[in-house]
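Structure record follows, encoded as structure tokens.
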Amino acid sequence: MDKKKKGLIPKKSSPPTVMGRKRDASLDISILKATLEMLAEEGFDGMTMDQIATKVGTGKAACYRRWPSKVKLVKDALIWMNRNQLELEKIPDTGSLRNDFLAVLKPHSMEEANAKLRVLGGLGTFWLDDEIEKKGITEIFGPWTEVNRTLIQRAMERGEISKKANVELVCKVLNSMATYRALIERKPPDKNLFIAMIDQVVMPALKNPG
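Residue 210 is where the sequence shown ends in full-length UniProt numbering, and the numbering goes up by one at each step.
Dropping the structure here:
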């Protein structure tokens, strides 16, 4: 597979914070990259830890030392993928919440968007794991929640939105819409749809909470 063509590998990256025992950080990254590629190629149900290790050029034991199961590895790979779409150390501050939301969005090529769709579309029975059912979605989209919460709380402090606004509910709505589009509609991110959601749903809810 041409990794650059698939659009799965960012130029700069770091392992997720929710990882198992850490040894060689560069190997951690290689395993996470290979996991995303295998998800796009074979899907969660068709891939194995052996295949991932072979793709990386390491032993299966190296994978299991870091992640005790395929489910935990895939969960961390998805967190890592979402975190790489953001620059958490450079959260935008334009002075306007609406513009901050738009500034968070990075321009993605269709190849990158379709690559992510293939990853998400290949998760299969991953979602049926007990741990994932309980809090998997929350953890996987945690990086986005972290950024959105920061933007909203900052806007609240400067008086742009109501101090009674339900910050956590709005963060869940944003994540739910993105998840629905990717997993149910099987469509790539759409900036126009995101703008409409911000203008028609999110901003009114934050400025005039019921």
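Glycine included, C-beta positions come from ideal geometry on N, C-alpha and C.
Taking 8 Å as the cut-off, decide whether the C-beta atoms of I91 and L174 are in contact. The count along the sequence shown starts at 1 and reaches residue 91 at position 91. The count along the sequence shown starts at 1 and reaches residue 174 at position 174. The answer is no: Cβ separation not under 8 Å.
If L39 and V167 are in contact, beta carbons under 8 Å, what's the gap, nearest whole angstrom? The residue you call residue 39 lines up with position 39 of the sequence shown. The residue you call residue 167 lines up with position 167 of the sequence shown. That pair is no contact at about 32 Å.
Proximity of A62 and L27 at Cβ, strictly below 8 Å: By one-based count along the sequence shown, residue 62 stands at place 62. By one-based count along the sequence shown, residue 27 stands at place 27. In this structure, L27 lies closer than 8 Å to A62 by Cβ.
Comparing alpha-carbon positions, which option in T35, E133, L128 lies nearest A115? Your numbering for residue 115 matches position 115 in the sequence shown. Residue T35 holds the alpha-carbon nearest to the alpha-carbon of A115 among T35, E133, L128.
Near E131, what residues of its chain come up, given a Cβ to Cβ distance below 6 Å and the 5 sequence neighbours on each side ignored? In the sequence shown, the residue the question calls residue 131 occupies position 131. For E131, where only same-chain residues beyond five positions count, there are no Cβ hits under 6 Å.
Given L193 as reference, the closest of S96, N82, L105, M47 once Cα atoms are compared: Start at 1 with the first residue of the sequence shown, and residue 193 comes out as number 193. When S96, N82, L105, M47 are compared, the shortest CA-CA separation from L193 is found for L105.
Here's the rule I'm using: 16 or more other beta-carbon atoms within 10 Å means buried, otherwise exposed. How should E87 be labelled? The residue you call residue 87 lines up with position 87 of the sequence shown. Classification for E87: exposed.
Any 3 or more C-beta pairs closer than 8 Å across the segment 133-147 and the segment 68-85: Because the criterion of three Cβ pairs below 8 Å is met, the segment 133-147 and the segment 68-85 touch.
Buried or exposed for K75, going by 16 or more other Cβ atoms inside 10 Å? Taking the first residue of the sequence shown as position 1, residue 75 is located at position 75. Flag for K75 reads buried.
Beta-carbon gap between R98 and M203 smaller than 8 Å: The count along the sequence shown starts at 1 and reaches residue 98 at position 98. The count along the sequence shown starts at 1 and reaches residue 203 at position 203. It is a contact, given that the beta carbons lie within the stated cut-off.
If we count the other Cβ atoms within 10 Å of its Cβ and call it buried at 16 or more, is W127 buried or exposed? Here the question's residue 127 lines up with position 127 in the sequence shown. Flag for W127 reads exposed.
Would you mind working out which of T138, D100, R181, K33 sits nearest T54, comparing C-alpha positions? As a working mapping, residue 54 is identified with position 54 in the sequence shown. Nearest of T138, D100, R181, K33 to T54, Cα basis: K33.
For a test of the three-state rule: what should DSSP assign to P209, helix, strand or coil? As a working mapping, residue 209 is identified with position 209 in the sequence shown. P209: coil per DSSP, three-state reduction.
Look at F44 and L117 and say whether their C-beta atoms are less than 8 Å apart. By one-based count along the sequence shown, residue 44 stands at place 44. By one-based count along the sequence shown, residue 117 stands at place 117. Contact: no.
Check K204 in the structure and name its three-state DSSP category. The residue given as residue 204 occupies position 204 in the sequence shown. Just to set this straight, residue 204 is Pro in the shown sequence, not Lys. Residue state, collapsed to three classes: helix.
Could you check how far apart the C-beta atoms of I161 and K191 are, in whole angstroms? I think they sit under 8 Å. Here residue 161 refers to the residue found at position 161 when the sequence shown is read from its first residue. Here residue 191 refers to the residue found at position 191 when the sequence shown is read from its first residue. Between K191 and I161 the Cβ distance is about 22 Å, and since that is not below 8 Å, they are no contact.
To the nearest whole angstrom, what separates the beta carbons of Y64 and M49, a pair I think is in contact under 8 Å? Here residue 64 refers to the residue found at position 64 when the sequence shown is read from its first residue. Here residue 49 refers to the residue found at position 49 when the sequence shown is read from its first residue. Indeed, because the Cβ distance is near 7 Å, the residues count as touching under 8 Å.
Determine the direct distance from the alpha carbon of G121 to that of M189, and round the result to whole angstroms. Residue 189 sits at position 189 when you count from the first residue of the sequence shown. Residue 121 sits at position 121 when you count from the first residue of the sequence shown. It is Pro, not Met, that sits at residue 189 in the sequence shown. Each residue's CA atom was taken as its position, placing P189 and G121 some 14 Å apart.
Among the candidates S30, E139, L102, V56, whose CA atom is the shortest distance from the CA of K172? As a working note, residue 172 is residue 172 in the sequence shown. Closest by alpha carbon: E139.
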